[in-house]
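Listed below in structure tokens is the structure:
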């Protein structure tokens, strides 16, 4: 889609990809190695992806997880999520899933705080 920063993949540094999805580092990471996994097709709502696209996103997320664990052995867990809609925190109108590595001693994510 014209004007979508994620659809213009030529300017992106793609870390990994498969037939229907690709992964890039988040430009505003909440934690080091924070990665985005996106469908190649422009779709604003991640819940409207096809079953094949969802499978591709999840398969690539596993690849990304393995790459992160290899790069940083201090990672002990992950947050995996999707924001849909401005009120939910979505800033770019192209579905993208966050893979956020977590390490011991970090503050918990806001939703997990008591």
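Numbering (the working numbering), first residue to last: 265 to 378. The C-beta atom is built at its ideal place from N, Cα and C for all residues, glycine as well. Model, not experiment: these values are computed from the prediction.
Collapsed DSSP secondary structure at residue i in the structure displayed
i: residue 334; result: helix
i: residue 270; result: coil
i: residue 311; result: helix
i: residue 294; result: coil
i: residue 305; result: coil
i: residue 317; result: helix
i: residue 371; result: coil
Beta-carbon proximity list for residue i, same chain, < 8 Å, skipping 5 on both sides
i: residue 278; result: 286, 287, 288
i: residue 339; result: 297, 332, 333, 365, 366, 367
i: residue 376; result: For residue 376, the predicted model reports a pLDDT of 48, less than 50, meaning its position is unreliable; a value from the coordinates is still stated below. Excluding residues within five positions, none has a Cβ falling inside 8 Å.
Length of the line joining the Cα atoms of residue i and residue j
i: residue 303; j: residue 347; result: 14 Å
i: residue 295; j: residue 362; result: 11 Å
i: residue 323; j: residue 360; result: 14 Å
i: residue 330; j: residue 266; result: 33 Å
i: residue 268; j: residue 357; result: 8 Å
i: residue 270; j: residue 283; result: 16 Å
i: residue 308; j: residue 337; result: 34 Å
Counterpart residues of residue i in DSSP-defined beta bridges
i: residue 362; result: 300, 345
(Q) Counting beta carbon pairs with one atom in the segment 334 to 343 and one in the segment 308 to 316, are three or more of them shorter than 8 Å? (A) No, the segment 308 to 316 is not in contact with the segment 334 to 343.
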